[in-house]
Structures are given as C-alpha cells and as structure tokens.
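Asks: Chains as they are written, first to last, in this note's numbering: chain A, 1 to 141; chain B, 142 to 282; chain C, 283 to 423; chain D, 424 to 564; chain E, 565 to 705; chain F, 706 to 846.
From the three backbone atoms N, C-alpha and C, an ideal C-beta is built for every residue, glycine too.
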C-alpha cells in the first residue's frame with residue numbers, strides 16, 4: 001500500500017514583535033527593523049498541517065480531517081488566535097516569534113497529539129509572500 | 142468622454158484591539174469578545190483605493206498608479222504599517238479601530254491628498270472574509 | 283453621518299443539476315448541456331453578504347460580523363451545506379438552482395432575518411470564474 | 424421582476440508598452456517609466472465581464488455563461504491572447520494600451536455583440552493589484 | 565543535466581458522497597457525518613499534476629504543457645467533470661471517493677498515459693483548505 | 706538542531722516568445738503554437754525562492770527575508786522586470802525562455818549570491834496554472 005499526504009489549512013490572527021530581550025534596544029532595532037516596532041504589529045497567519053499515511057480501507061481516510069482540525073484547534077489555534085505571541089502563549093514562552101521558530105513550536109505541540117509518525121509537515125504563512133516549513137527532527141538524524 | 146474607475150491594492154500589517162474606553166471591562170468583553178483581547182492581536186490588512194475620472198488623452202491614465210501608490214504610502218501606509226492602531230497613529234486618535242471606522246478615517250486621509258472629486262471608494266479587508274467599503278460623505282447629501 | 287458597507291464571506295458545498303421538469307429531456311440536454319448531467323454534479327460555493335449602515339458610535343460596527351455570520355448560518359448555510367439543492371432545501375422548492383435564482387432565494391431568506399434596510403447585496407460564486415449578484419427588489423420600483 | 428448581475432471571468436496573456444508616438448522619447452520615458460521599456464513587457468490579464476438582466480423563467484439564466492464565454496472569446500480574447508497589444512490588434516489601433524483604454528475598447532467590442540442593454544461592466548486586472556472598470560457611456564448622459 | 569518539475573493545474577466539478585456500502589447506515593453516518601448526506605453534495609476540485617524530467621534542449625520543455633493538459637483531460641477530466649463520482653466513473657468503481665482515494669486513482673489513470681518515470685505527483689484540492697498528495701507506489705519499495 | 710525552509714515570493718512582468726532560432730519558422734510554429742507569436746506576448750511571473758537552514762538562536766531567522774528579497778531583486782528582478790526575456794537579459798542570452806529554462810537560470814543567478822548550501826528551491830509560475838520547480842544540480846550526483 002502507498003503513502004498519501006493530506007493537508008488541512010486553518011487561520012489565526014495574532015500580534016507579535018521580533019525582539020531579543022538579551023540584546024540592546026539598538027541591536028534589536030538594527031536587526032529587526034520595523035518588525036521590532038515597540039507597540040506590536042500583527043498578521044493573519046495561515047497554517048497548513050500535513051499528515052502522512054496509508055488510507056484506511058474502510059474509510060478512505062489517512063486521517064479524518066475534521067479530527068485533524070479539532071486537534072489543531074485544541075493544541076495550537078485556541079492558544080494563539082487573537083493573542084499576543086510574545087506575552088500570552090505558554091508554549092511560546094522565551095521564543096522569539098519568527099515564522100521559523102513558530103513552525104518548530106507548532107510541530108512540537110502537534111507531534112505529541114497525533115499518532116506516532118503521522119505528522120509530516122507544518123507550514124506557516126506570516127503573509128501571502130513569507131512562509132516557513134518544518135518537517136520535524138527526523139531530518140537531522 | 143466616459144468615466145473609468147481605477148483601483149490600486151496595497152497591504153499593511155498592524156496590531157489592534159476593539160475597545161471602548163468609555164465603557165466597562167465587562168461591556169467590552171461582552172460586545173467585542175476575543176477582538177477585545179487585552180494584549181492586542183493583529184491582521185494583514187489589504188487596502189483597495191478606487192479613483193474615478195476620464196482617461197487623459199496623452200497618457201491613457203485616469204491617474205498614474207505609481208503616483209496613487211505613493212499618495213497611499215505617504216498619507217496612510219507609512220503611518221499604520223507595523224504599528225498599533227490604538228496607540229501609534231495620530232489620524233486614528235480616539236477612534237475604535239473597527240474596519241468600518243478605519244475605511245472612513247483612511248478616506249479622510251486620502252480625499253485631501255488627491256485632486257477634488259477623484260477619490261471614489263476605499264475598501265479594506267481585515268481578513269479575506271471580512272471587509273468594509275466607504276464611498277465618502279457625498280452619499281449622505 | 284455616512285453609510286459604510288460591510289461584507290462577510292462564507293462557504294458551502296452542495297450538489298445540484300440544472301433541470302426544468304416542465305420541459306422534455308431533449309430540451310434540458312440542449313439548453314443546459316453538462317450542467318443537466320443526470321446524477322448531479324456539485325460546487326464549493328462562496329457566498330458574500332453585504333450589509334449597509336452607519337457605524338454605531340459605541341462599537342464602530344455597522345453590524346457585528348459574528349452575528350451576521352450566525353444569521354447567514356441559521357437562515358442559509360445550515361439548510362444547503364452538504365445538501366442537494368434540487369431535492370433537500372425547502373426554500374429552493376420548485377426553483378431551478380442556477381446561480382441567478384440562488385442569489386434571489388438567498389436574499390429572500392436573509393432580508394427578513396436582518397433589520398429592515400440593512401441587507402444591501404448578495405453575491406454567490408458557483409466557481410471562481412462564474413458569479414451572480416442581487417441588490418434586492420428595491421432596484422425595480 | 425428583479426435585475427440580477429452575472430459575471431464571467433477569463434484570462435489572456437499579452438505584450439504591450441505604454442508609448443505615445445506623438446511625443447518625444449524623453450517625454451515617454453519620463454511619463455511612463457519602466458512601462459515604456461523599448462522591447463515590450465507583458466501581463467497575465469484577468470477580464471471580468473458583467474451582464475445585467477432578469478432571469479429567464481424557463482432557464483434561470485440572465486445569460487447562458489457558456490454563450491457569454493464564447494462571445495468574449497470571439498470578440499475579444501482571440502484577437503488579443505498571446506499578442507502584442509500595440510502591434511497586432513485591429514480594435515486597439517492607435518490606442519495607448521493603458522488598462523483604462525483597454526476596458527473602454529473591450530466594452531465597445533462587446534456591447535455590439537450582446538443584446539442591447541445587457542452589458543453592465545467590464546473590469547480588467549493588469550496585475551492582481553492594478554485594475555480598471557468601465558460601465559459604458561450611459562454614465563455620461 | 566538537471567531534473568526540473570513542471571506542474572499543470574486543472575479544475576473539475578463533481579458530486580459525491582462518502583459511503584461504505586459494506587457498513588450499516590449508522591456506521592456511515594457516525595464515521596462520515598455530513599459527508600455521508602444521502603442525496604450527495606459536491607465540490608469544485610482543483611487538480612495539480614507534476615511531471616519530472618530534464619528539459620529538452622530543442623524546446624526547453626520537460627513536457628509540452630498543452631499536451632499534458634490534453635492527457636489529463638482525456639484520461640481524467642472528461643470522465644469525472646460534471647459527474648457523480650460514486651455512480652458515473654468506471655475508473656472509480658468500488659472506490660470510496662475520499663480525496664486520498666481519488667489521488668491514487670487519478671495517479672493510476674495518468675501513469676500509464678505518460679512516458680515511463682515522468683509522473684511525479686498528483687495533488688487534489690477538495691476545497692481550498694483540504695487536499696491530498698500522492699507520489700506513486702515507488703515510495704513504498 | 707533542525708532544518709527549516711523559508712520562502713519569499715516576488716513578482717515581475719515580462720515579455721517573451723518561445724523560439725528556437727536554429728530551427729525553421731515552420732518547426733517553431735508547429736512546436737510552440739501561439740507561444741511562438743511573432744511580436745511577443747507576456748506574463749505576470751510569480752517567483753518563489755526557498756532557502757534552507759537552522760534558525761539563528763539570536764534572531765530566529767534562517768535568513769533575514771528582507772535581505773533575501775534584496776538579493777532576489779539585485780540578481781534577478783532588476784534584470785528581468787518590465788523586460789523582454791529574449792532580447793534584454795544578459796543572463797538569459799541564448800536560452801529559450803521556457804519556464805523550465807528560466808528556473809535553472811534563476812537558480813544559477815541566486816546560488817552564487819547566497820551562502821553556500823542555503824538555496825533549496827526556485828519555483829516560477831508563468832500563469833497561476835503553469836509552473837516549474839528546480840532544486841539545483843545536487844539532485845544529479
């Protein structure tokens with residue numbers, strides 16, 4: 001039997017600011033520019049979660065996408081939608097909320113909530129032109 | 142000669158919060174729900190500005206769209222991009238930053254910066270699903 | 283004060299078939315072609331509902347879009363999503379489900395459910411390339 | 424009975440250059456900038472044609488969109504797709520191919536090919552961010 | 565020389581229903597929910613077919629995309645566009661038309677119609693938010 | 706630490722023509738059809754550049770996307786935007802400007818301008834339906 005990859009897309013809206021509190025104000029302004037703006041800015045984030053597997057013969061599903069949607073909501077979206085990513089989200093505590101760091105943190109939230117080996121890719125669009133993808137730590141071994 | 146309507150679309154990213162400071166915390170939470178979230182949230186806003194006129198016979202232009210883009214930048218985008226709409230923007234001072242109030246405020250910023258009678262419509266998408274349009278106070282006479 | 287137009291977009295998926303039961307099989311096949319296909323076909327419909335009004339000074343809202351979303355769900359989407367538009371929908375009984383007829387029927391569902399004079403336009407995309415718009419019977423007087 | 428507006432979207436790809444041959448090289452470079460580039464540039468144009476009318480009781484159609492698509496193809500697209508708008512198109516002879524001038528010329532091509540009073544709007548996107556709309560000479564009377 | 569991947573996107577509209585006829589009505593309703601709705605529903609499907617190869621030095625083509633479009637039409641689209649995926653399509657006979665099962669079936673239709681080793685990926689969007697991808701049985705060896 | 710892939714999307718508009726000057730007029734017309742049209746046609750190209758790496762602990766960046774945008778502008782976009790791909794672009798000299806050949810040429814422009822091993826994928830959309838992807842010569846060893 002053959003592996004099929006299924007993807008579910010969801011949205012959330014959040015405020016954030018790129019800021020490294022271990023560095024000076026000048027370093028932050030120089031490195032992050034307007035993304036360091038003091039009183040925050042925000043985005044309509046688009047999150048795409050891909051799960052891999054062999055379709056179940058009884059259902060034709062790799063995963064029931066309404067269940068996947070619920071898992072994404074419970075473990076990610078309800079914690080970050082209409083929130084401040086620097087201040088309000090326990091699973092982002094101490095993390096600079098760049099798109100790169102967000103996909104790794106979202107992967108970690110989801111990988112334990114899904115059956116082992118199922119999660120394949122997390123892609124996050126900060127804007128329609130800027131995105132990051134993460135395929136998990138298995139790439140590194 | 143005939144009127145043609147030309148539209149230029151631009152983007153900006155901002156943080157905001159729906160909050161009426163003349164009302165109680167309870168009223169605000171009840172009326173605005175998660176849009177009242179204390180530490181802000183944000184959006185990728187899409188702004189569409191429409192100008193009406195008769196094309197110039199020498200250029201074929203109602204307005205040079207690179208000039209319109211510059212006017213929108215100077216009078217709107219540079220004031221609100223990567224900013225907090227409640228705290229950072231003089232032309233939004235005292236205004237609850239709902240999409241409805243934003244299109245009226247942006248119209249007022251642009252109408253004085255464009256030749257008289259040129260500005261036709263300001264449309265703002267807060268998300269791809271939610272938008273507001275304003276055609277100016279001439280509708281009201 | 284000035285009129286602002288706010289739009290909320292929602293989606294639904296449905297099966298349908300263009301068929302006039304008062305006409306012959308040959309007439310239907312000739313007029314409707316593949317849209318008359320016997321065992322139905324279907325679409326991801328995109329519905330845009332526009333409401334007009336003066337923003338409330340306390341909220342900045344013409345209408346709370348979460349309330350508009352709920353009204354659209356209760357009066358339209360829950361009746362037609364994942365349904366057969368020819369067989370399953372009481373408010374479409376006896377109506378050929380062309381995009382034109384659907385926008386008029388959806389207008390009639392919504393106009394009674396919203397405060398008088400609020401509903402401004404119903405637009406429905408059958409596909410990203412094909413759509414219909416209806417501004418209500420007030421155009422006709 | 425009530426007016427409904429139906430829209431069909433089509434695409435074409437063309438080369439063009441903004442250039443007024445009655446003016447000097449310097450005037451053209453100053454006014455049109457990179458759009459005056461000597462060896463042409465080009466666009467994926469998106470054309471939206473809107474027709475107004477009362478749905479036919481037998482079909483539910485304002486106009487059969489496959490017929491509208493054919494009319495647009497015969498009178499517009501087959502003349503301009505994969506062509507040079509300055510050199511190859513008889514109905515654009517002597518016209519500076521700005522988006523504004525193109526919507527007026529396309530309106531004139533279509534208005535005679537459709538039943539009287541049916542054509543309502545021609546909208547053309549030169550890019551996803553830049554567009555022009557024309558509602559015909561009836562606005563001017 | 566280097567491998568390049570070219571993708572062609574096409575659309576089709578179809579009705580379907582998720583239903584396993586070997587199971588009870590209750591099982592089907594419980595597992596598939598509204599996707600099991602008795603009188604069908606439908607989608608605007610978007611199909612993306614990717615072919616891999618080294619560009620031909622004479623043409624610059626991995627494959628002539630107008631030929632690929634014709635192959636997709638002849639082997640897939642003409643069999644399923646404006647059809648019922650459960651009732652009308654010989655190559656889907658006995659298959660529950662989940663997006664996962666559809667990409668595998670479409671791969672099988674196309675892999676024999678294209679030169680050996682050319683087909684790289686079949687991706688199908690049931691809605692803009694839900695999709696499945698299949699890279700063929702070579703992943704499994 | 707883990708590899709993350711970041712993508713930046715940019716646009717440019719250009720004229721081109723598919724034509725092999727070593728072949729006859731008849732061969733070119735037969736092979737390239739309307740894409741061989743004598744006086745050029747053009748496209749709004751969408752270019753997506755993906756860079757791979759481990760996020761920097763101080764910034765959370767694989768690469769500063771404003772730097773990547775500048776590199777793409779300096780080495781690609783400023784040479785080809787509002788240009789004729791057959792006539793005006795030194796780095797495309799002698800290359801038939803098919804989408805396949807363009808992604809390889811753009812890869813070569815970018816790979817030397819980015820830190821070694823960073824560039825992962827170049828994807829180019831000629832139209833929203835037609836695209837090509839290139840992952841570099843490392844696939845071939």
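Output the distance between the C-alpha atoms of residue 763(F) and residue 14(A), rounded to the nearest integer angstrom.
Replies: 22 Å
Asks: Ignoring anything shorter than 3 residues or poking outside the stretch 27-54 of chain A, list the beta strand (DSSP E) runs there in chain order.
Replies: 41-53
Asks: Between 602(E), 651(E), 654(E) and 687(E), which has its C-alpha nearest residue 573(E)'s C-alpha?
Replies: 687(E)
Asks: Strictly under 8 Å for the Cβ-Cβ distance: is residue 240(B) near chain C by that measure?
Replies: yes
Asks: If we define contact as Cβ-Cβ less than 8 Å, is residue 290(C) a contact residue for chain B?
Replies: By this cut-off, residue 290(C) is an interface position.
Asks: So, is the C-beta of residue 37(A) closer than 8 Å to a C-beta in chain B?
Replies: Answer yes: the Cβ-Cβ gap between residue 37(A) and chain B drops below 8 Å somewhere.
Asks: Could you tell me which of 82(A), 78(A) and 48(A) sits nearest to residue 175(B), measuring between CA atoms?
Replies: 82(A)
Asks: Here's the rule I'm using: 16 or more other beta-carbon atoms within 10 Å means buried, otherwise exposed. How should residue 258(B) be labelled?
Replies: exposed
Asks: Please check the pair residue 472(D) and residue 495(D), which I expect to be a contact at CB under 8 Å, by giving their CB distance rounded to whole angstroms.
Replies: Contact annotation, residue 472(D) with residue 495(D): C-beta distance approximately 6 Å; criterion of less than 8 Å satisfied.
Asks: What does DSSP give as the partner residue(s) for residue 710(F) in the beta ladder?
Replies: 133(A) and 757(F)
Asks: In chain order, what residues of the stretch 492-521 of chain D put their CB closer than 7 Å to some CB of chain C?
Replies: none
Asks: For chain E, find out if any of its Cβ atoms is closer than 8 Å to the Cβ of residue 736(F); answer yes or no.
Replies: With 8 Å as the cut-off, residue 736(F) counts as an interface residue toward chain E.
Asks: Check the Cβ-Cβ distances between residue 26(A) and every residue of chain F, and say whether any is below 8 Å.
Replies: Residue 26(A) does not count as touching chain F.
Asks: Below 8 Å CB to CB, which residues in the same chain sit around residue 246(B) once its five sequence neighbours on both sides are set aside?
Replies: 232, 233 and 236
Asks: According to DSSP, is residue 357(C) part of a helix, a strand, or is it coil?
Replies: Residue state, collapsed to three classes: helix.
Asks: Taking residue 230(B) and residue 523(D) to be in contact with their CB atoms under 8 Å, please state how far apart those CB atoms are, rounded to whole angstroms.
Replies: With 8 Å as the limit, residue 230(B) and residue 523(D) do not qualify as a contact, their Cβ atoms being about 33 Å apart.
Asks: Could you tell me which chain E residues have their CB closer than 9 Å to the CB of residue 839(F), listed as they occur along the chain?
Replies: 566, 567, 568 and 569
Asks: Measuring from the CB of residue 432(D), is there a heavy atom of the ligand ADP at a distance below 7 Å?
Replies: Summarising the ligand content, the structure contains no ligands, and the ligand ADP is consequently not present.
Asks: Work out the CA separation of residue 474(D) and residue 111(A) for me, nearest whole Å.
Replies: 51 Å
Asks: Let's test the definition: count the other Cβ atoms within 10 Å of the Cβ of residue 380(C) and tell me whether it reaches 16, buried, or not, exposed.
Replies: buried
Asks: Give the interface partners of residue 49(A) over in chain F, defined as CB-CB distance under 8 Å, in chain order.
Replies: Ordered by position in chain F, no residue passes the 8 Å Cβ test against residue 49(A), which lies about 15 Å from the chain.
Asks: Please name the residues in the stretch 806-838 of chain F whose beta-carbon is closer than 8 Å to at least one beta-carbon of chain E, in chain order.
Replies: Within the stretch 806-838 of chain F, the residues whose Cβ lies closer than 8 Å to some Cβ of chain E are 806, 808, 809, 833, 834, 835, 836, 837 and 838, listed in chain order.
Asks: Note down, in chain order, every chain E residue with its Cβ under 9 Å from the Cβ of residue 325(C).
Replies: 577, 606, 607 and 608
Asks: Measuring straight from C-alpha to C-alpha, what distance separates residue 426(D) and residue 419(C)?
Replies: Answer to the nearest angstrom: the Cα atoms are 8 Å apart.
Asks: Leaving out five residues before and five after residue 672(E) in sequence, what residues of the same chain have Cβ atoms less than 8 Å from its Cβ?
Replies: 655
Asks: Establish whether the CB of residue 739(F) and some CB of chain D are separated by less than 8 Å.
Replies: Yes - at least one Cβ of chain D is within 8 Å of the one on residue 739(F).
Asks: Please check if any C-beta of chain E sits within less than 8 Å of the C-beta of residue 65(A).
Replies: yes
Asks: In three-state DSSP terms, what is residue 409(C)?
Replies: strand
Asks: Using 8 Å as the limit for Cβ to Cβ distance, is residue 419(C) near chain D?
Replies: Closer than 8 Å to some Cβ of chain D, the Cβ of residue 419(C) qualifies, so yes.
Asks: Could you tell me the distance, in whole angstroms, from the CA atom of residue 324(C) to the CA atom of residue 641(E)?
Replies: 15 Å
Asks: For the alpha helix (DSSP H) that residue 816(F) lies in, which residues bound it at each end?
Replies: Segment 804-816, the alpha helix (DSSP H) holding residue 816(F).
Asks: Taking the alpha-carbon of residue 454(D) as reference, which of 209(B), 260(B), 276(B) and 205(B) has the nearest alpha-carbon?
Replies: 205(B)
Asks: If residue 226(B) and residue 157(B) are in contact, beta carbons under 8 Å, what's the gap, nearest whole angstrom?
Replies: 4 Å
Asks: Check the DSSP bridge columns for residue 719(F) and list the partner residues they point to.
Replies: 748(F) and 788(F)
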